Every structure is written in C-alpha cells, then in structure tokens.
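Asks:
Numbering (mature numbering (1 follows the signal peptide of the UniProt record, and there is no 0)), first residue to last: -26 to -1, 1 to 95.
1) State the DSSP-derived secondary structure class of residue 24, mapped to helix, strand or coil.
2) Closest by CA to residue 75, which one among 69, 81, 48, 15?
3) Taking the continuous beta strand (DSSP E) assigned at residue 15, which residues delimit it?
4) Measure the C-alpha to C-alpha separation of residue 65 and residue 72 and round it to an integer number of angstroms.
5) Using three-state DSSP, classify residue 70 as helix, strand or coil.
Here it is in structure tokens:
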C-alpha cells in the first residue's frame, strides 16, 4: 500500500468513527443499554409477577412472612436480561409497608434472581 492509499484509509476510518460516535449521541440516554427507564404500567402482569417473586424470595432467604400487596412504582434496565427496581407494598402482620427490591430477570432462560430487598422504607 502506498502512502496515498494509507492516508485515505486512515482518514476514512477517522470519519467513520466520528459518524458512529455522533449518531450514538443523538439517540440519547434512554435508548442506551444500561439506562434506567420508568415502568409506566405497574399493573402489568409481568411486573406484578416480579414484585411477588421479590417478596416470596425475600421471605425464603430471611424466614419472614411478608405478603405482597402491589407494585407502587418501578424502573427497568436492559442488561443481560432486565433488571427491575420496584417499590413494593407488602403487609407484615397486617401492617402495610413499602420496600424496594431489585430483581434480575432473563425469561428466555427461565432465570430470576433477587439482587436486593430493602425496607421498610
């Protein structure tokens, strides 16, 4: 490869890199993998199932007897699957409290894991 061809290839690579970089900036944070997105329908059956799973799994791990009531709010994050960060209402001995749970879900593998459960908040 002569000097002109080498220079042309280098300039082409730089231009392509800049074009890709600029186009990814135009997409915005919300479309990026790893960004948290609000859950707009907290009564969606999948969201409710994940909320119930979080309470049930917490009960197993800590030998408690919380009873899932509802999902108050949440956000989700695309990872190798999806993380759900949910604010959940559960009752403990008849007293309602809110809790925050993070669940990692990979439905195509039938995999779900409770990453965090905090509260009452």
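C-beta atoms are modelled at their ideal positions from N, C-alpha and C, and glycine is treated no differently.
Given the structure is predicted, the values throughout are model-derived calculations rather than measurements.
Replies: A quick look at the data gives this:
1) Taking the first residue of the chain shown as position 1, residue 24 is located at position 50. When secondary structure is reduced to three states using DSSP, residue 24 falls in the helix class.
2) Position 101 of the chain shown, counted from the first residue, corresponds to residue 75. Minimum Cα-Cα distance from residue 75 among the listed residues 69, 81, 48, 15 corresponds to 48.
3) One-based indexing of the chain shown puts residue 15 at position 41. Residue 15 -> no beta strand (DSSP E), and no H or E assigned at all.
4) Numbered from 1 along the chain shown, position 91 holds the residue referred to as residue 65. Numbered from 1 along the chain shown, position 98 holds the residue referred to as residue 72. Cα to Cα, residue 65 sits roughly 9 Å from residue 72.
5) Translated into positions along the chain shown, residue 70 becomes position 96. Residue 70 falls in the strand class under three-state DSSP.
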